[in-house]
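Enquirer: Taking our numbering, the leading residue of the sequence shown gets 1128, the next gets one more, and so forth.
Note that CB positions come from ideal geometry on N, CA and C, so glycine has one too.
Input: one structure, supplied below.
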Amino acid sequence: MSILLNILKGKCSKCGKGDIFEKRSGISILGLPKMNYKCTNPECRHKFLIEPGYFYGAMYVSYGLTVAEGIAIYLISSIFISNPVYSFIIIAISAILLSTTNYKYARILWIYLFTKKNKELNVERKVS
Ligand SMILES: [Zn+2]
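The following block contains the structure:
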């Protein structure tokens, strides 16, 4: 359950404290999320970009998220809208609006798929 919360909050997969993406405010919320090079937790400092091209695979995760959202939006919109053209327009607009969110969570999920939690950092957290 804590892993799911850490994914939703965008916390580091190793320590669960540091942030994967920079915090944004104001007009920068509309732009592409900016990723931290390393974990912001000074005890962890886990490097997120393990090798060049590491996040190419996150495109497949992003595709899966987009398809899942499209199916969910279609099912919900089909209750209220009978014309499939309008459903398609709603799905297209939502895909554009959710693209930055999908970009962010695709990378977070990709990091969580391929890095294990550091047990030593976990023990330190329990002690302190
Ligand atoms: Zn960390």
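1) So the candidates are 1223, 1212, 1237; which of them puts its Cα closest to the Cα of residue 1194?
2) Rounded to the nearest angstrom, how far is the Cβ of residue 1175 from that of residue 1161, given a contact under 8 Å?
3) Can you tell me whether DSSP reads residue 1207 as helix, strand or coil?
4) For residue 1165, which beta-bridge partners are listed by DSSP?
5) Where residue 1238 and residue 1146 are concerned, what is the direct C-alpha to C-alpha distance, given to the nearest angstrom?
Expert: Based on what the coordinates show:
1) Taking the sequence shown and counting its residues from 1, one reaches residue 1194 at position 67. Minimum Cα distance to residue 1194 is reached at 1223.
2) Locating residue 1175 in the sequence shown gives position 48, counting from the first residue. Locating residue 1161 in the sequence shown gives position 34, counting from the first residue. Contact doesn't hold; Cβ gap of about 12 Å is too wide.
3) Taking the first residue of the sequence shown as position 1, residue 1207 is located at position 80. In the structure shown, residue 1207 sits in a helix (DSSP, three-state: H, G or I).
4) Position 38 of the sequence shown, counted from the first residue, corresponds to residue 1165. Residue 1165 is bridged to 1174.
5) On the sequence shown, residue 1238 is found 111 positions in, with the first residue counted as 1. On the sequence shown, residue 1146 is found 19 positions in, with the first residue counted as 1. Each residue's alpha carbon lies about 12 Å from the other.
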